[in-house]
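Numbering (this note's numbering), first residue to last: 10 to 331. What follows is a single structure, written as structure tokens, with notes after it.
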Amino acid sequence: MAFSAVVLSILFAALPITQSAFAATWVYTANESGGSISVIDAEAGKKRATIRGLRAPHNIHLGPDGMLYVTDGHASQAVKIDPDKLRILARWEVGSGPAHIFMTPDQRLIVNTNTESGDVTITDASTLQPLTTIPVGKSPHGLAISPDGKFAYVANLGSKDLAVVDLKERKLAATIPVDDAAVQAWVEPQGRFVYVTGLNSSQIFKIDAASRKVVARLPVGKLPAQLGVTPDGKYLISCDQESAQLSIYDAATDKLVKRLPLGRWTHGISFSPDSKYAFVTNTKSDDVSVVDLGSLTEVKRIKVGKGPNGIAASYPNTFRKP
Numbered sequence: 010m011a012f013s014a015v016v017l018s019i020l021f022a023a024l025p026i027t028q029s030a031f032a033a034t035w036v037y038t039a040n041e042s043g044g045s046i047s048v049i050d051a052e053a054g055k056k057r058a059t060i061r062g063l064r065a066p067h068n069i070h071l072g073p074d075g076m077l078y079v080t081d082g083h084a085s086q087a088v089k090i091d092p093d094k095l096r097i098l099a100r101w102e103v104g105s106g107p108a109h110i111f112m113t114p115d116q117r118l119i120v121n122t123n124t125e126s127g128d129v130t131i132t133d134a135s136t137l138q139p140l141t142t143i144p145v146g147k148s149p150h151g152l153a154i155s156p157d158g159k160f161a162y163v164a165n166l167g168s169k170d171l172a173v174v175d176l177k178e179r180k181l182a183a184t185i186p187v188d189d190a191a192v193q194a195w196v197e198p199q200g201r202f203v204y205v206t207g208l209n210s211s212q213i214f215k216i217d218a219a220s221r222k223v224v225a226r227l228p229v230g231k232l233p234a235q236l237g238v239t240p241d242g243k244y245l246i247s248c249d250q251e252s253a254q255l256s257i258y259d260a261a262t263d264k265l266v267k268r269l270p271l272g273r274w275t276h277g278i279s280f281s282p283d284s285k286y287a288f289v290t291n292t293k294s295d296d297v298s299v300v301d302l303g304s305l306t307e308v309k310r311i312k313v314g315k316g317p318n319g320i321a322a323s324y325p326n327t328f329r330k331p
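See below:
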């Protein structure tokens, strides 16, 4: 791909990163306030391109088909983007206030939450035609898909619970109370546990996927938003917005390893597939922090568009057609 380079803004002296460290990882941010997607070459440490034509992109997902899927909140649409051609391929209507979006591992379905209408939209990935809308609770926001593709886990801000959607039957299967505004959900790589951030209680709820019970509560910083488990299953990490930090836990022991200060209003997180780096959006400082997961230090900060929210990262050749 040919890009016109944009000057990298480094806000502080960072530890050196070798040219091969990122193995051609590309990172994409949904810049909600700027109405754009930033394309970052992590190896070069630069924003390489900007994709425009969106109103308020909230979250972004790099699907197993190699395409980008974005929720455009103010337009009540989902958007499909070709990351190689940097071109919007399609838009389709979903519910009101779409927030998070994911494709199932078998590439058959696209699922997104609709915060204002209180439901999820399930879309046929091949035709981009919505198949059904399922009410899940009040103000659904975060979303995660189980590794086997059977269930969608929906974090409900308003009803303070985690909704479990059966994707085969296309119906609500269960509701798990968490007694706090649930922001985001993440399923660890083996599918045994689901983690949910509690906005006001400043904690992570650890839920046993089989019993659908809360089995642990892990304290984090103020107003946690997104969270994630590294692909190798080693770390559980939350983005603590008001505290402007990451809370990093050992996923095997539930022990706090480190609190790492980053930029202003840490919000979204994604990982390189080799689990060597985390990429974190700092919404109020309009940049992305690059975190070395070996040393647990911030090694670089990259300027992006205005108000970065969701983030996705992967190698360009990770995906295979079914």
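Every residue, glycine too, gets a C-beta built ideally from N, C-alpha and C.
{"Check": "Candidates Asp-249, His-276 and Ala-190: closest to Thr-290 by CA position", "Outcome": "His-276"}
{"Check": "According to DSSP, residues forming a beta bridge with Met-112", "Outcome": "Ile-119"}
{"Check": "Extent of the continuous beta strand (DSSP E) run through Thr-38", "Outcome": "35–40"}
{"Check": "C-beta contact flag for Asn-123 and Lys-147 at 8 Å", "Outcome": "no"}
{"Check": "Distance CB(Leu-236)-CB(Trp-195) smaller than 8 Å", "Outcome": "yes"}
{"Check": "Same chain, Cβ closer than 7 Å to Lys-267, five either side skipped, listed in chain order", "Outcome": "Ile-257 and Leu-305"}
{"Check": "Presumed contact (8 Å Cβ cut-off) between Val-297 and Pro-317, rounded CB distance", "Outcome": "7 Å"}
{"Check": "Residues near Ser-252 in its chain [Cβ-Cβ closer than 6 Å; skip 5 each side]", "Outcome": "Gly-230 and Lys-231"}
{"Check": "Residue interval of the beta strand (DSSP E) (run including His-83)", "Outcome": "That residue, His-83, is in no beta strand (DSSP E); it is neither H nor E in DSSP."}
{"Check": "Beta-carbon contacts of Ser-210 that lie in its chain and below 6 Å, excluding the five residues immediately before and after", "Outcome": "Asp-189"}
{"Check": "Terminal residues of the beta strand (DSSP E) in which Glu-307 lies", "Outcome": "306–312"}
{"Check": "Beta-carbon separation (whole angstroms), Leu-58 vs Leu-98, contact threshold 8 Å", "Outcome": "It is worth fixing the name first, because residue 58 is Ala in this sequence and not Leu. Their Cβ separation, rounded to whole angstroms, is 16 Å, which puts Ala-58 and Leu-98 out of contact at 8 Å."}
{"Check": "Segments assigned beta strand (DSSP E), at least 3 residues, entirely inside the stretch 240–275", "Outcome": "244–249, 254–259 and 264–270"}
{"Check": "Per-residue DSSP class, three states only, for Leu-140", "Outcome": "strand"}
{"Check": "C-beta contact flag for Lys-312 and Val-299 at 8 Å", "Outcome": "no"}
{"Check": "Helix, strand or coil at Leu-302 according to DSSP, with G and I counted as helix", "Outcome": "coil"}
{"Check": "Cutoff 6 Å; reference Pro-233; Cβ partners in own chain excluding five residues on either side", "Outcome": "Thr-206, Ser-247 and Asp-249"}
{"Check": "Distance between Val-173 and Arg-221 (C-alpha atoms, nearest Å)", "Outcome": "9 Å"}
{"Check": "The beta strand (DSSP E) enclosing Gly-146, as first and last residue numbers", "Outcome": "Neither: Gly-146 is in no beta strand (DSSP E) and is coded neither H nor E."}
{"Check": "From Val-48, Pro-114, Thr-38 and Val-238, residue whose alpha carbon lies closest to that of Ala-134", "Outcome": "Pro-114"}
{"Check": "Same chain, Cβ closer than 6 Å to Gly-72, neighbours up to 5 away in sequence not counted", "Outcome": "Tyr-78 and Met-112"}
{"Check": "Proximal residues to Ala-153 (C-beta, below 6 Å), its chain only, five neighbours per side dropped", "Outcome": "Tyr-162, Ala-194, Trp-195 and Val-196"}
{"Check": "Contacts around Val-103, its chain only, beta-carbon distance under 8 Å, and the 5 residues preceding and following it disregarded", "Outcome": "Thr-80, Ser-85, Gln-86, Ala-87, Asn-121, Asn-123, Thr-130, Thr-132 and Pro-139"}
{"Check": "Burial state of Ala-287 (16 or more Cβ within 10 Å)", "Outcome": "buried"}
{"Check": "Rounded Cβ spacing between His-83 and Arg-64 (contact assumed at less than 8 Å)", "Outcome": "4 Å"}
{"Check": "Ala-219 versus Arg-201 - alpha carbon distance", "Outcome": "7 Å"}
{"Check": "Beta-carbon gap between Asp-295 and Lys-264 smaller than 8 Å", "Outcome": "no"}
{"Check": "Whole-angstrom distance between Gln-199 and Ile-223, CA atom to CA atom", "Outcome": "Rather than Ile, the amino acid found at residue 223 in this sequence is Val. Distance between the alpha carbons of Val-223 and Gln-199: 17 Å."}
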